[in-house]
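Undergrad: One structure follows; several queries about it will come next.
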Amino acid sequence: MTNIGTIYKKEILSFFNSPVAYITIIVFLLINSWFFTSTFFLINQSDLRQLFSLAPLTFLFFVPAITMSLVAKEKNDGTLEFLTTMPISDTEIIVGKFLSAVSLLSTALLFTLIHFLTLMIVGTNIDIGSLISGYLGLIILGAAYTSIGIFASTITENQITSFIISFLIIFIFFILNKILILVPDFLTSIIQYISIDYHLSNISKGVIDTRNIIYFGSIITFFLMLSTRILEMRKWR
Amino acid sequence: MIKIENLSKSFGTVEAVKDVSFVVNDGEILGFLGPNGAGKTTTIRTITSYLAPTKGNVYINDLNVNDNPDEIRKQIGYLAEHNPLYDEMVVYDFLEFVANIRQIPAVDFKARLKDVTELCGLKKVIYRPIKELSKGFRQRVGLAQAIIHDPKILILDEPTTGLDPNQIVEIRGLIKALGKEKTVIISSHILQEIQATADRTIIINNGEIVADGTVEELMSSFKGHTMLELELKNANKEDIHNLTSINEDIKIDSVLENKNNIISKLEYPNNIDPREEIFNYALGKNWKILEMTRHKVSLEDIFRTLTVEGGENND
Ligand SMILES: Nc1ncnc2c1ncn2[C@@H]1O[C@H](COP(=O)(O)OP(=O)(O)OP(=O)(O)O)[C@@H](O)[C@H]1O
Ligand SMILES: [Mg+2]
Chain B
0 MTNIGTIYKK EILSFFNSPV AYITIIVFLL INSWFFTSTF FLINQSDLRQ
50 LFSLAPLTFL FFVPAITMSL VAKEKNDGTL EFLTTMPISD TEIIVGKFLS
100 AVSLLSTALL FTLIHFLTLM IVGTNIDIGS LISGYLGLII LGAAYTSIGI
150 FASTITENQI TSFIISFLII FIFFILNKIL ILVPDFLTSI IQYISIDYHL
200 SNISKGVIDT RNIIYFGSII TFFLMLSTRI LEMRKWR
Chain L
0 MIKIENLSKS FGTVEAVKDV SFVVNDGEIL GFLGPNGAGK TTTIRTITSY
50 LAPTKGNVYI NDLNVNDNPD EIRKQIGYLA EHNPLYDEMV VYDFLEFVAN
100 IRQIPAVDFK ARLKDVTELC GLKKVIYRPI KELSKGFRQR VGLAQAIIHD
150 PKILILDEPT TGLDPNQIVE IRGLIKALGK EKTVIISSHI LQEIQATADR
200 TIIINNGEIV ADGTVEELMS SFKGHTMLEL ELKNANKEDI HNLTSINEDI
250 KIDSVLENKN NIISKLEYPN NIDPREEIFN YALGKNWKIL EMTRHKVSLE
300 DIFRTLTVEG GENND
């Protein structure tokens with residue numbers, strides 16, 4: 000456990016030692032603000048769902064950008080040999096890195112609270128309950144994306160390749176719900192269950208049920224375990 | 000004690016290490032010598048459990064490395080080839096990070112840090128980012144990282160590559176000092192390095208051990224031999240190999256072309272003296288002998304003789 004903390008701290012430090020953290024937070028905030036305010040003034044209405052439908056789309060770009068270096072760069076620089084020959088398990092390495100990326104993403108996300116504060120100041124009525132569950136849903140979604148990003152980062156030494164692979168996998172999960180009309184009837188419920196969107200729409204409506212939690216939990220566990228296996232595979236090449 | 004038992008490691012069809020066995024005793028500094036691509040790094044990586052053996056076993060104090068990687072790694076300090084470090088980190092943060100993973104209690108960290116910074120001469124650079132350091136200082140950080148937990152076993156894969164001569168002497172001194180109380184494996188493809196630091200030398204070539212012993216032992220096994228260096232004009236490389244027809248005990252160790260001349264090193268047992276025949280042979284071929292020097296076998300010659308085949312066709 001302490002090892003996970005050590006890795007976590009190291010990654011957070013390196014996020015903030017490099018421009019990655021700042022660029023992520025600022026660009027994320029700018030994009031979201033731009034969409035948010037433009038639709039806000041356009042339709043002249045305030046709606047939580049603006050952000051909650053937009054953020055998953057921005058995550059599609061940001062998560063691969065945050066995670067692409069996490070393992071791939073260590074492979075490329077040779078530091079993975081240094082790290083994996085320390086008394087620390089591959090699982091601890093993966094989980095530590097995963098948590099650090101989720102934290103960075105959550106931090107960027109929480110900055111968007113500014114919008115809602117603004118809205119509240121100008122007197123708009125906002126349901127705190129659904130605000131919290133909406134943010135929670137986005138963080139869980141971001142964590143699921145991040146586990147995919149970590150996986151992509153373990154299978155290559157090249158950060159750009161890592162970016163593209165995680166982007167593609169996340170994209171598939173992302174559009175599944177949107178192609179439902181194209182699939183035969185008997186498959187729809189399965190596809191729907193696999194689709195990230197479907198579960199997210201529940202959560203952002205303020206409904207967090209165990210099925211959603213199990214769903215996201217399984218994605219995260221699956222991809223983190225897969226990443227660990229891939230790290231271990233170096234031994235048997 | 001480190002025991003390597005019938006170790007083989009293949010990468011696809013490449014057999015990097017073939018059925019290698021040796022023992023490193025407690026407190027010994029073992030020099031692991033071999034040309035590029037010989038299998039040094041691969042062997043070392045199975046000891047540090049970065050790679051698993053394809054066949055065979057590695058034991059450290061009777062513990063199988065492959066079954067107890069965490070336990071083993073606690074006992075080892077490891078400086079990997081090319082000294083990979085987190086460049087963007089400050090030296091202090093980096094060593095603290097290592098100490099944390101090594102689970103050195105915070106109260107002991109200050110003392111350990113003081114020890115290793117003094118030993119490795121890092122005081123000046125302790126608050127500098129690693130990426131700004133010169134190669135020599137980087138190497139010291141790599142060593143500091145490897146000894147911060149005061150391990151019983153120290154494994155160094157080519158620790159002096161890329162250093163200038165002064166830095167090399169310094170790092171070697173450091174390794175020798177560390178070796179007084181630790182079991183050390185130091186790999187190198189430079190003979191002088193091993194000669195300067197190691198108690199015992201293992202020479203590996205093409206994945207196989209070709210010599211194992213102290214420098215004296217290696218020398219004495221070759222003592223009965225004489226080396227002859229020839230510099231010839233008008234000769235060609237292929238023809239030189241026909242010199243073995245004079246006496247089948249003659250061995251051609253190397254043939255080099257230098258401008259128009261050929262420089263060749265021969266080796267033969269002390270009980271024969273083929274110099275006259277060589278002279279006559281050269282005369283018959285119309286070669287001009289510019290130089291013919293006899294000298295005693297040096298460790299350098301032994302290394303070259305043992306590793307002459309195959310060493311250069313890898314990497
Ligand atoms: N990951 C790998 N995949 C494929 N082949 C490898 C791999 N690692 C090493 N080899 C091959 O195994 C052989 C031994 O390599 P190794 O790195 O152990 O040699 P070395 O003695 O350390 O050489 P050097 O002095 O150049 O560091 C070489 O032929 C090398 O090409
Ligand atoms: Mg090597």
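Residue numbers (numbering that gives the first Met the number 0), protein chains in the order written: chain B, 0 to 236; chain L, 0 to 314.
Yeah, the Cβ is synthetic: ideal placement off N, Cα and C, and Gly gets one too.
What does DSSP give as the partner residue(s) for L:G212 in the beta ladder?
TA: BP columns for L:G212 point to L:T200.
Undergrad: Whose Cβ in chain L lies nearer than 8 Å to the Cβ of B:S88?
TA: Neighbours of B:S88 on chain L, chain order: D69.
Undergrad: Please report the residue range of the beta strand (DSSP E) in which L:S9 lies.
TA: Unbroken beta strand (DSSP E) run through L:S9: I1 to F10.
Undergrad: Please tell me whether B:E80 has its Cβ less than 7 Å away from any Cβ of chain L.
TA: True, the Cβ-Cβ gap to chain L drops below 7 Å.
Undergrad: Can you tell me which of B:S32, B:I213 and B:S52 puts its alpha carbon nearest to the alpha carbon of B:Y134?
TA: Nearest C-alpha to B:Y134: B:S52.
Undergrad: Distance check for B:I149 and L:L132, CA to CA, integer angstroms please.
TA: The alpha-carbon atoms of L:L132 and B:I149 are separated by roughly 31 Å.
Undergrad: Can you check whether the CB of L:V22 is closer than 7 Å to the CB of L:L29?
TA: No, the pair does not count as a contact, with Cβ atoms beyond the cut-off.
Undergrad: Would you grab the beta carbon distance between B:T187 and B:A71 for me? Rounded to a whole angstrom, and I think it's under 8 Å.
TA: Going by Cβ atoms, the distance from B:T187 to B:A71 rounds to 36 Å, so no, they are not a contact pair.
Undergrad: Please classify L:K181: is it buried, with 16 or more other beta-carbons within 10 angstroms of its beta-carbon, or exposed?
TA: It is buried - the Cβ of L:K181 has at least 16 other Cβ atoms within 10 Å.
Undergrad: Cβ-heavy atom distance between L:L40 and ligand 2 below 6 Å?
TA: According to the sequence provided, residue 40 of chain L is Thr. The question's Leu does not apply to it. Yes; taking the cut-off as 6 Å, the Cβ of L:T40 has a heavy atom of ligand 2 nearer than that.
Undergrad: Check whether the Cβ atoms of L:D18 and L:N35 sit closer than 7 Å, and answer yes or no.
TA: In this structure, L:N35 does not lie closer than 7 Å to L:D18 by Cβ.
Undergrad: Curious, which full-length alpha helix (DSSP H) runs of at least 4 residues does the stretch 278-309 of chain L contain?
TA: 298-305, all fully within the stretch 278-309 of chain L.
Undergrad: Among the candidates L:L177, L:N165, L:V168 and L:P158, whose CA atom is the shortest distance from the CA of L:K151?
TA: Checking every option, the nearest Cα to that of L:K151 belongs to L:L177.
Undergrad: Measure the alpha-carbon distance for L:F96 versus B:K74 and round it to whole angstroms.
TA: Near 19 Å, if we compare the C-alpha coordinates of B:K74 and L:F96.
Undergrad: Using a cut-off of 8 Å between C-beta atoms, extract the partners of B:L12 located in chain L.
TA: Within chain L, the residues near B:L12 are M88 and D92.
Undergrad: Leaving out five residues before and five after B:A20 in sequence, what residues of the same chain have Cβ atoms less than 7 Å from its Cβ?
TA: Closer than 7 Å at Cβ, skipping near neighbours: F14 and L103.
Undergrad: Using a Cβ-Cβ cutoff of less than 6 Å, which residues in the same chain neighbour L:F10 once the five nearest sequence positions on both sides are dropped?
TA: So no residue of the chain qualifies.
Undergrad: What residues in its chain sit with their C-beta under 6 Å from that of L:G55, if we drop five residues either side in the sequence?
TA: E4, N5, L6 and S7.
Undergrad: Using a 10 Å radius around the Cβ and a threshold of 16 neighbouring Cβ atoms, would you call B:N43 buried or exposed?
TA: Low per-residue confidence applies at B:N43: pLDDT is 44, beneath 50, and the placement is therefore not dependable, though the value from the model is reported in the following sentence. Answer is exposed; the Cβ neighbour count stays below 16.
Undergrad: Are B:I195 and B:V182 touching if we call contact CB-CB under 7 Å?
TA: No, they are not a contact pair.
Undergrad: At a CB-CB cut-off below 8 Å, which residues of chain L make contact with B:S17?
TA: Neighbours of B:S17 on chain L, chain order: E87.
Undergrad: If you draw a straight line from the C-alpha of B:S99 to the C-alpha of B:L230, how long is it?
TA: Near 18 Å, if we compare the C-alpha coordinates of B:L230 and B:S99.
Undergrad: Contact defined as beta carbons within less than 8 Å: I believe L:R139 pairs with L:T225. What is the distance between those atoms, to the nearest angstrom?
TA: So it is not a contact: roughly 43 Å between Cβ atoms.
Undergrad: How close, in whole Å, do the beta carbons of B:E80 and L:Y49 come, if the pair is a contact with beta carbons under 8 Å?
TA: 6 Å between Cβ atoms; contact.
Undergrad: Under 8 Å: do the stretch 122-129 of chain B and the stretch 111-123 of chain L share three or more Cβ pairs, one atom per stretch?
TA: Taking 8 Å as the limit for Cβ pairs, the verdict is that the stretch 111-123 of chain L does not touch the stretch 122-129 of chain B.
Undergrad: Rounded to the nearest angstrom, what separates L:N312 and B:K234 at their Cα positions?
TA: Low per-residue confidence applies at L:N312: pLDDT is 37, beneath 50, and the placement is therefore not dependable enough to give any value.
Undergrad: Would a C-beta distance cut-off of 7 Å place B:T227 and B:I11 closer than the cut-off?
TA: Contact: no.
Undergrad: Cβ of B:F222 within 7 Å of Cβ of B:S146?
TA: In contact: B:F222 and B:S146 (Cβ atoms closer than 7 Å).
Undergrad: Contact between the stretch 232-250 of chain L and the stretch 39-48 of chain L: three or more CB pairs below 8 Å?
TA: Touching, no, given that fewer than three Cβ pairs across the two stretches are closer than 8 Å.
Undergrad: The alpha helix (DSSP H) with L:D114 in it runs from where to where?
TA: Note, L:D114: alpha helix (DSSP H), A105 to C119.
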